[in-house]
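For the sequence shown, the residue numbers in this note's numbering are 1 to 175. From the three backbone atoms N, C-alpha and C, an ideal C-beta is built for every residue, glycine too. A quick write-up on the structure given underneath.
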Amino acid sequence: MSEMEFEVNKAEPSKILIVDDISVNLKILEKIISAEGHEPLCALNVQEAIDIMNETLPQLILSDLSMPGMDGLEFCKLLKSSPRTRDIPFIFITVLNSGEEKEQAFLAGAVDFIPKPFERVEVIMRINNQLNSYRMKQEMANHNRMMHKLVSEQQRQIEEDQENMLFALAKVVEK
């Protein structure tokens with residue numbers, strides 16, 4: 001594996017929502033993400049992002065922290081409060097770097113930060129790390145659902161067998 005190749009399942013391109021009020025930042029990230037085989041979804045503000053998410057859910061969200069209107073922090077809190085979107089990893093892209101801002105972002109539900117100006121390798125690594133983590137969580141959730149279904153089916157079969165056995169014993173006792 002070369003220095004620029006990072007392990008990620010590319011069977012199906014991941015949709016990555018980028019939200020930033022500065023179009024140059026969108027273009028830079030769009031180019032990096034596209035080159036990695038992912039599908040960038042770009043929005044200049046939170047309302048555009050919400051409109052996009054009403055059509056298709058991304059597997060990852062990159063959002064600026066400081067934006068006019070609803071800022072990235074409010075957007076993150078909004079998404080984390082909804083069962084439909086709470087598990088989507090949320091990464092802040094920002095020039096802000098104070099400990100207080102980072103703490104607020106993590107408390108809101110962010111999983112990481114990507115500092116501006118962007119370094120291609122760092123962007124790719126952070127995105128791929130979060131996508132891999134998200135996929136593993138999804139696979140575990142699917143596995144847990146399958147196991148729950150299997151256990152439920154086995155429990156139903158045991159209850160049915162017990163009922164049949166009691167019915168048979170009742171018939172024996174009647175004779």
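Nearest-angstrom Cβ-Cβ length linking residue i and residue j, presumed shorter than 8 Å
i: K77; j: G109; result: 7 Å
i: I114; j: I93; result: 5 Å
i: A73; j: L60; result: Here residue 73 turns out to be Leu, not Ala, going by the sequence shown. Not quite, the Cβ-Cβ distance comes to about 18 Å (not below 8 Å), so this is no contact.
i: S14; j: E48; result: About 20 Å; that fails the 8 Å criterion.
Residue j beta carbon less than 7 Å from that of residue i
i: L79; j: P58; result: no
i: N45; j: D21; result: yes
i: I28; j: F118; result: yes
i: R120; j: I32; result: yes
Burial state of residue i (16 or more Cβ within 10 Å)
i: N25; result: buried
i: S63; result: buried
i: V151; result: exposed
i: D36; result: Note on identity: in this sequence residue 36 is Glu, with Asp being the wrong assignment. Buried.
i: L17; result: buried
i: F75; result: buried
i: I158; result: exposed
i: A168; result: exposed
Option in the options with minimal Cα separation from residue i
i: L107; options: E174, I91 and M53; result: I91
i: E30; options: I127, E153 and E159; result: I127
i: R84; options: T56, E103, K149 and P68; result: T56
i: S23; options: M67, S14, E39 and I50; result: M67
i: Q104; options: E122, D71 and N132; result: D71
Proximal residues to residue i (C-beta, below 8 Å), its chain only, five neighbours per side dropped
i: Q130; result: L60, P89, I91, V111 and D112
i: E101; result: L65 and T94
i: R86; result: L79, K80 and G109
Close Cβ partners of residue i (< 7 Å) along its chain, the five nearest in sequence each way excluded
i: A141; result: none
i: N97; result: P115
i: I52; result: L17, L41 and A43
Nonlocal neighbours in the same chain, by C-beta distance under 6 Å from residue i, ignoring five residues either side
i: V19; result: A43, A49 and S63
i: A170; result: none
i: E163; result: none
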